[in-house]
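Colleague: What follows is a single structure, and I will ask about it in a moment.
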Amino acid sequence: MTAYTADAGTDDSGHRDLLTPAQLADRWGVTTGHLANLRHHGEGISYLKIGSRVAYRFADVMAFEDEHYVSVD
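Numbering (this note's numbering), first residue to last: 6 to 78.
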């Protein structure tokens, strides 16, 4: 499974296609258990299930983050 490695900046040009639950949890500051609960309840972000492995498409993560962006004026 291809993984995403993030730099501290906002440049996403070096991203990979898939993130592991651990990588997404680190990105969002939540636990992998929280992501598992979201999947179990059919909430949160879409994911791939390949055998017993779970992966998140980077494009889906970016779209989900964009949809949940709150602008404060």
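Beta carbons are placed, not taken as given, at the ideal position from N, Cα and C, and that holds for glycine.
All values derive from a computational prediction rather than experimental measurement.
Rounded to whole angstroms, what's the CA-CA distance from Ala27 to Asp78? Just pull it up for me.
Modeller: Position 22 of the sequence shown holds residue 27. Position 73 of the sequence shown holds residue 78. Cα to Cα, Ala27 sits roughly 33 angstroms from Asp78.
Colleague: Is the beta carbon of Leu24 within less than 7 angstroms of some heavy atom of the ligand NAP?
Modeller: No copy of the ligand NAP appears in this structure; indeed no ligand is present at all.
Colleague: Tell me where the alpha helix (DSSP H) around Arg44 begins and ends.
Modeller: Translated into positions along the sequence shown, residue 44 becomes position 39. Segment Thr37 to His45, the alpha helix (DSSP H) holding Arg44.
Colleague: So, is Leu23 buried or exposed, given that buried needs 16 or more other C-beta atoms within 10 angstroms?
Modeller: Here residue 23 refers to the residue found at position 18 of the sequence shown. Label assigned to Leu23: buried.
Colleague: If you reduce the DSSP assignment to three classes, tell me which class Leu21 lands in.
Modeller: Taking the first residue of the sequence shown as 1, we reach residue 21 at position 16. What sits at residue 21 in the sequence shown is Arg, not Leu. Of the three classes helix, strand and coil, the one that applies to Arg21 here is coil, per DSSP.
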